[in-house]
Structures are given as structure tokens and as C-alpha cells.
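K.L.:
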Amino acid sequence: MVSGNADCFDSFLLGTVSCTLFLAVNGLYSASDDVIELTPTNFNKEVIQSESLWLVEFYAPWCGHCQRLTPEWKKAATALKGVVKVGAVDADKHQSLGGQYGVRGFPTIKIFGANKNKAEDYQGGRTSEAIVDAALSALRSLVKDRLSGRSGGYSSGRQSRESGGGDKKDVVELTDDSFDKNVINSDDVWMVEFYAPWCGHCKNLEPEWAAAATEVKEQTKGKVKLAAVDATVNQMLASRYGIRGFPTIKIFQKGEDPVDYDGGRTRSDIIARALDLFSDNAPPPELLEIISEDVLKTTCDAHQLCIISVLPHILDTGASGRNSYLDVMLKMAEKYKKKMWGWLWTEAGAQSDLESSLGIGGFGYPAMAAVNARKMKFALLKGSFSEQGINEFLRELSVGRGSTAPVGGGAFPKIHAVEPWDGKDGEAASVNTSSNLQRVGFNVRQPFHKKTPTWRMIIQFSPSCQCMTRKHGKHVERGQSRVTEIACAPFILTFLNLSKTQLFSS
């Protein structure tokens with residue numbers, strides 16, 4: 001078994017494909033193990049509708065901690081066989097199922113006890129003994145609940161709604177009169193079930209639909225809604241949409257013809273489709289300037305990945321040049337919005353400590369880094385800062401290829417509070433003393449002669465130019481003369497009453 005590998009890009013990005021060397025197709029468990037492999041297809045039937053107590057591990061094949069847990073999990077499953085069910089979900093492959101239960105890291109272990117729709121997080125040790133102890137403790141609680149008359153297990157579809165899995169109040173009941181106002185004229189996405197009260201399949205779907213409605217409402221902030229139409233009463237709607245069998249589920253999106261939902265009829269299947277619809281219709285993420293520590297941490301902590309760009313100083317590009325770079329980033333944010341990444345930018349030199357921690361600057365500006373704040377690892381864009389170059393970079397991230405490095409110092413550095421860009425061109429700085437010139441590396445003869453007239457100089461240069469930060473008396477790496485040192489950065493010199501020969505030493 002391959003252990004966690006810092007060079008394997010998959011350990012950097014939650015939700016990417018597994019390492020080439022690892023047989024991710026088979027996950028960490030096989031049919032010969034006592035661990036039951038769970039998927040969106042069988043999860044509802046095996047776990048939610050079961051009377052048994054379940055311990056379920058959500059894992060990723062590339063996760064080193066998961067790999068170390070595997071033998072202990074297998075031992076626990078064997079010890080608990082016939083007493084407590086032990087399962088595992090490849091949440092890297094089945095992201096919708098992991099998302100449904102709020103899985104944010106690996107491994108995550110949940111206990112499905114008396115109330116299957118409110119799983120408990122397991123916080124104990126990762127040895128087989130600790131796992132078995134927790135299982136038996138949960139089992140004792142389940143048995144005591146049953147002895148005292150409190151409900152245990154799934155029992156019936158109706159009970160799942162009453163015990164927190166979903167409330168029918170979250171399913172919007174629609175009629176011939178209310179349909180257009182609520183659905184057709186809405187900006188939200190609607191999934192509508194057309195049912196008949198006497199239909200057995202509709203009765204089986206009802207608790208799943210209700211539970212999914214509650215979950216979808218929470219996860220999409222009400223942007224995707226689940227509804228129901230009694231087609232035997234509201235026959236105009238049934239005729240309008242050609243309903244011939246029950247239940248029929250249709251998806252309505254503003255400005256588009258309705259389409260049939262042809263997915264599974266479990267809660268997890270319905271939720272997965274709803275979340276896909278939500279991401280398809282969600283606006284692109286915000287592109288934020290890093291003007292404070294709060295902006296950086298809030299964005300990166302809230303997203304699986306944050307894309308940080310360092311743009312040239314405003315004096316290098318002007319407003320039009322900067323806006324061109326921002327437009328490229330906005331297009332990429334739109335293209336990859338389903339990834340739910342955060343998008344940030346800063347000006348070269350504004351957050352120099354952050355640049356250093358991400359290894360930015362060596363390739364010049366603009367530069368881009370993709371940062372996993374949970375793992376404190378990053379990957380650098382090494383191609384062109386263009387739609388094509390960035391797209392190739394992000395596509396490689398999405399499929400788990402590339403190389404990463406740890407963030408310098410193992411954490412984000414101090415972020416300086418800066419004023420947000422005002423959208424205008426920058427103004428050049430003025431310098432009129434020889435001491436100021438010496439601070440940027442010029443060797444100035446002063447005075448040149450008692451009769452040398454007073455001189456003034458205006459320097460306009462790129463503040464992001466590394467050459468201009470060298471101390472007086474040291475040569476830059478790109479040249480051996482101070483004239484070369486000057487030429488290595490874009491700037492303009494205006495001399496008044498002083499020649500170049502007088503200004504620079506040989």
C-alpha cells in the first residue's frame with residue numbers, strides 16, 4: 001500500500017483523482033473484508049432504512065491517515081460482525097455523499113444510531129479497541145432507548161421525517177393557481193414531483209423527497225426548491241406537462257424548458273442532483289483584493305482551495321493593464337465555479353511576506369498560486385498568465401497532477417492592512433536628494449565641484465522591481481555595472497543641470 005506522499009498532488013487537493021500508483025478503483029477495502037462498501041446507490045437502503053447500528057468511515061484512497069486506519073477498521077468490523085454494522089464510503093469518489101454529511105476532512109467517522117438522519121461524529125481513538133468500545137457504548141444507548149419506549153431505527157418512512165430527517169413543510173405544495181407565480185416567474189431552480197395519493201411508488205418516495213427538501217434548502221440557501229403537485233387534483237398542470245405516470249419529477253430553470261429528472265429516488269441521489277443544479281446556476285465566486293488578514297483567512301478557510309494572484313504594480317500596467325489581468329481571473333472563476341474555490345489578488349510588494357511564503361516572484365509578475373489552507377500546501381502557475389495558461393494550470397489541479405510545496409513557515413504570514421485599489425492609474429514618486437538616490441543603489445558623487453550647480457532628479461521606476469531593492473554598493477545579479485543595474489528595471493530619469501557622466505561613478 002502506498003503511504004501518504006508529499007509529492008503526490010492528490011494529497012493537496014480534496015476531491016481529486018487518486019495517485020497513479022494507488023489502485024483507487026478498489027478503494028481501501030475489498031469484498032473479502034467485513035467492512036461494507038457504501039455508495040450513493042445503496043447507502044439509503046443499507047444504512048438509513050436499517051434497524052442496525054452503523055459505524056461509517058468516510059475516506060479518500062490517497063489519505064495517509066485513512067491508509068493507517070484501514071487495518072484497525074477491518075479488525076473492528078470483524079470483531080463487531082453480527083452485532084454492529086461497519087461500513088466505509090470512498091468520499092473522494094462519492095463526493096455528494098460526503099457533502100451530504102458535512103465531511104470536510106479524512107478520515108471522518110460517523111455513528112448512525114437510533115435516529116439515522118442525525119448521525120453522531122466519532123471523536124475517539126483510531127485503534128480497533130477504541131472503535132469497538134465506542135460501538136458497544138452506542139449500542140447500549142440504542143437498546144436502552146428501545147426499552148424505555150423511545151424510537152430506534154428507521155421503522156417507517158413517515159418516522160424519518162418526524163425524527164429530523166426532513167419535514168414535509170420544506171416541500172412546497174403547488175397548485176394550478178400557484179404554479180406560475182412560484183415556479184415559472186422565479187429565479188430559483190425547482191424540482192417538482194407530480195404524484196397521485198394512491199400511488200405506491202409515490203408513497204415510498206415521500207419520506208426521501210421530504211428529507212432531501214430540508215437538506216437542499218439548507219445547503220443551497222433556498223436557491224433550489226423541492227415541490228410537489230397532486231396531479232389528480234391539479235389536472236391542468238398534469239396535462240400541461242404531459243404527466244402520464246407517477247411519480248414524475250421535472251426540473252424547472254428560468255428561461256429553459258422543463259426537463260425530466262431521471263436519477264435515483266433516494267435522498268442522497270436527489271440531493272446530489274440538486275447540488276449539481278445549484279452549482280450550475282450559481283454566480284461566479286467573488287474576486288477579492290487582499291486588503292487585510294481577514295479577507296485572506298476568511299476566503300481560504302471557507303474554500304477547499306484559494307487561487308491567489310499577485311499582479312504587477314499599478315505603475316507597471318496602469319488601470320487598463322490591471323483590468324485586463326482581472327478580467328482573465330474573472331473568466332477563470334466563472335469557468336471553474338463548480339469547484340467552489342476562493343479567488344484573491346494583491347499588488348506586487350503589497351504583501352511581500354505572503355509572496356515569500358508562496359515562492360512568488362521568481363517567475364516575475366503577474367504570478368499565481370493555488371493554496372490548500374487546510375494542508376498549508378501550494379502549487380505555482382509556471383505557464384503564462386493567460387486564459388490558456390491558467391486553464392491548463394487549473395485543469396491539472398482538477399485531475400490531481402502537478403507538484404506542491406509547503407507554505408513557508410507552515411502558516412500564512414502577517415498580512416498588512418492596505419487601501420483597496422481605487423481603479424485609477426498610479427502616480428510616480430519624486431526623489432530630489434542624493435541620499436534618496438543612494439538608498440536605491442546609485443553611487444552619486446556629491447559634491448562634484450564647488451561650482452557644480454544644484455541638481456534635481458525625478459525617478460519613475462517599477463516598485464515591484466527587485467533590482468531597486470539592492471543596497472548601495474552591491475551589484476545586482478544581472479550585471480556588473482551600476483548602469484546595468486539601472487537598466488534592469490523600467491524607469492525614466494529626468495536630469496536637470498547634471499550629466500550622466502557626473503552622476504555615476506565608473
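Those letters in the sequence shown? Residues 1 to 506, per the UniProt record's numbering, in order. No residue lacks a Cβ here, since even glycine has one placed at the ideal position from N, Cα and C.
(1) Helix, strand or coil for Ser268 per DSSP?
(2) Report the residue from Cys300, Val103 and Glu51 whose alpha carbon sits nearest the alpha carbon of Arg146.
(3) Looking only at its own chain, which residues have a Cβ that is under 8 Å from the Cβ of Leu174, when we skip the five neighbours before and after it?
(4) Per DSSP, what are the beta-bridge partners of Lys144 in this structure?
(5) When the Cα of Gly82 is compared with those of Thr39, Val89 and Leu136, which residue comes out closest?
(6) Determine whether the beta carbon atoms of Val171 and Trp209 lie at a separation below 8 Å.
(7) Pick out whichever of Arg273, Glu293 and Lys118 has its Cα sitting closest to the Cα of Gly264.
(8) Indicate whether Phe278 and Lys335 have their beta-carbon atoms separated by less than 8 Å.
(9) Which residue marks the beginning of the beta strand (DSSP E) containing Ile249, and which one marks its end?
(10) Would you decide whether Gln123 is buried or exposed? Buried here means 16 or more other CB atoms lie within 10 Å of its CB.
(11) Quick check on Pro420: buried or exposed, where buried means 16 or more other Cβ atoms within 10 Å of its Cβ?
(12) Count the other C-beta atoms from every protein chain shown that fall within 10 angstroms of the C-beta of Ser357, then say buried if there are 16 or more, exposed otherwise.
(13) Am I right that Glu392 and Gly402 are in contact with their C-beta atoms under 8 Å? What's the rounded C-beta distance?
(14) Just to confirm the assignment, what range does the alpha helix (DSSP H) spanning Lys75 have?
(15) Scan the region 271-347 and note each continuous beta strand (DSSP E) run of 3 residues or more that stays entirely inside, going in chain order.
(16) With C-beta atoms as the reference, is Trp343 less than 8 Å away from Pro283?
(17) Would DSSP call Trp54 helix, strand or coil?
(18) Quick check on the burial criterion: 16 or more other C-beta atoms within 10 angstroms. Buried or exposed for Asn323?
(19) Below 6 Å CB to CB, which residues in the same chain sit around Ala77 once its five sequence neighbours on both sides are set aside?
(20) Using the C-alpha atoms, what's the distance from Ala373 back to Pro40?
(21) When we look at the beta-carbon of Arg240 and count the other beta-carbons within 10 Å, is it buried (16 or more) or exposed?
(22) Kindly indicate the opening and closing residues of the alpha helix (DSSP H) around Val229.
(23) Mind checking who Ala88 pairs with in its DSSP beta bridge?
(24) Can you tell which of Lys338, Ala333 and Met332 has its C-alpha closest to the C-alpha of Asn281?
(25) Among Gln304, Glu293, Tyr365 and Glu355, whose alpha-carbon lies nearest the alpha-carbon of Gly321?
(26) Alpha carbon to alpha carbon, what distance is there between Ile290 and Val47?
(27) Looking only at its own chain, which residues have a Cβ that is under 8 Å from the Cβ of Asp301, when we skip the five neighbours before and after it?
(28) For Pro197, list the residues DSSP reports as bridge partners.
(29) Does the beta-carbon distance from Asn44 to Ser268 come in below 8 Å?
(30) Looking at the strands, I want to know which residues DSSP matches up with Asn42.
(31) Report back the beta-carbon spacing between Ser377 and Ala405 to the nearest angstrom; my notes put them in contact at under 8 Å.
(32) For the beta strand (DSSP E) holding Leu174, just list the boundary residues, first then last.
(33) Give the single residue among Ile360, Gln49 and Cys66 whose Cα lies nearest to the Cα of Leu28.
(34) Which complete alpha helix (DSSP H) runs does the region 376-424 hold, if anything under 4 residues is left out?
(35) In chain order, what residues of the same chain have a beta carbon less than 7 Å from the beta carbon of Lys217, not counting five sequence neighbours either side?
(36) Do the region 250-257 and the region 305-313 meet, that is, are 3 or more Cβ pairs less than 8 Å apart?
P.N.:
Quick answer:
(1) In this structure, DSSP gives Ser268 a helical state, which the three-state scheme calls helix.
(2) Glu51
(3) Asn182, Val183, Val192, Ala227, Ala228, Val229, Asn234 and Leu237
(4) Beta-bridge pairing links Lys144 to no other residue.
(5) Leu136
(6) yes
(7) Arg273
(8) no
(9) Per DSSP, Ile249 belongs to the beta strand (DSSP E) from Thr248 to Phe252.
(10) exposed
(11) exposed
(12) buried
(13) About 10 Å separates the two Cβ atoms, so there is no contact after all.
(14) Gly64 to Ala79
(15) 287-289, 306-311 and 342-347
(16) No.
(17) Shown here, Trp54 sits in a strand according to DSSP, grouped into three states.
(18) exposed
(19) Asp34, Val35 and Val86
(20) Take the alpha-carbon of Pro40 and the one of Ala373: they are about 29 Å apart.
(21) exposed
(22) Boundaries around Val229 are those of the beta strand (DSSP E), Val224 to Asp230, since no alpha helix (DSSP H) includes it.
(23) Bridge pairing for Ala88: Glu37 and Glu57 [DSSP].
(24) Lys338
(25) Tyr365
(26) Rounded to the nearest whole angstrom, the C-alpha separation of Val47 and Ile290 is 45 Å.
(27) Ala373
(28) Under DSSP, Pro197 takes part in no beta bridge, so it has no partner.
(29) Yes.
(30) Per DSSP, none; premise fails for Asn42.
(31) Residue identity differs from the one stated: residue 377 is Lys in this sequence, not Ser. About 7 Å separates the two Cβ atoms, so the contact holds.
(32) Val172 to Leu174
(33) Cys66
(34) 387-398
(35) Apart from the 5 residues on each side of it in sequence, Lys217 sits with its Cβ closer than 7 Å to the Cβ of Asp170 in its chain, given in chain order.
(36) no
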